[in-house]
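Trainee: Numbers 43 to 179, taken from this note's numbering, label the letters of the sequence shown in order. Sharing a structure below in structure tokens format, with a few things to ask.
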Amino acid sequence: MPIDIAAGLALSKNALDIVMAVRKAIREKKKLTDDEMRDYLDTLQDKLVDVKTALMEADEENRSLKGQLADAKRMADFCAAFTKGEGLYWHDSFPYCPTCWDTRRGPVRLGGPVDGDGGEYWLCPVHKVYHVTQQRY
Ligand SMILES: [Zn+2]
């Protein structure tokens with residue numbers, strides 16, 4: 043189960059509380075036994091391992107989200123460059139499947155063209171549907 047940043051922060055506070063408890067004991071001249079010191083250090087080590095895990099998971103999630111954001115930005119930029127004509131999206135005079143784009147933001151360039159009756163035939167490699175155009179945009 044992933045530990046989120048809030049849990050990591052809570053664990054950090056717990057670790058700091060342990061350090062402060064040991065400092066307080068030293069300041070008050072309390073003699074800690076070897077077992078007590080070992081227990082404090084074991085607990086501290088466990089907390090720090092959990093904090094490290096939380097930070098690694100947060101870093102991984104952060105990288106993933108940055109990647110998704112970059113993809114979304116690239117798609118938005120690509121979409122902004124589309125022109126429309128004959129029911130298709132066009133980019134650099136090549137058509138893109140409107141179904142692929144409108145349903146899942148997939149910029150699928152149509153294959154072709156093949157000359158045929160009534161214009162150029164373009165094939166969506168995903169849907170296997172031909173689109174016929176009279177001109178390019
Ligand atoms: Zn398609």
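Don't be surprised by glycine CBs; every beta carbon is placed ideally from N, CA and C. Since the structure is predicted, the reported quantities are computational estimates derived from the model, not experimental observations.
At a threshold of 7 Å, does Val174 count as lining ligand 1 (C-beta to nearest heavy atom)?
Mentor: Mapped onto the sequence shown, residue 174 falls at position 132. Answer for Val174: no, Cβ out of range of ligand 1.
Trainee: Judging by CA-CA distance, which residue of Tyr179, Pro140 and Gly161 is the nearest neighbour of His169?
Mentor: Position 127 of the sequence shown, counted from the start, is the residue given in the question as residue 169. Looking at the Cα atoms, Pro140 is the closest of the given residues.
Trainee: Could you please go through the chain and list the residues whose beta-carbon is closer than 7 Å to any non-hydrogen atom of ligand 1?
Mentor: Chain-ordered list of matching residues: Cys139, Thr141, Cys142, Val150, Cys166, Val168, His169 and Val171.
Trainee: By a C-beta neighbour count over all protein chains shown, 10 Å radius and 16 as the cutoff for buried, is Val91 buried or exposed?
Mentor: Numbered from its first residue, the sequence shown carries residue 91 at position 49. Burial call: exposed.
Trainee: Which residue wins for smallest C-alpha separation from Gln87, given the options Leu130, Ala123 and Val61?
Mentor: Looking up residue 87 in the sequence shown gives position 45. Answer by Cα proximity: Val61.
Trainee: Can you say whether Met43 is buried or exposed, counting buried as having 16 or more other CB atoms within 10 angstroms of its CB?
Mentor: Reading the sequence shown from its first residue, position 1 is the one you call residue 43. Confidence at Met43 is low in this model, with a pLDDT of 42, below 50, so its placement is unreliable and the value that follows should be read with caution. It is exposed - the Cβ of Met43 has fewer than 16 other Cβ atoms within 10 Å.
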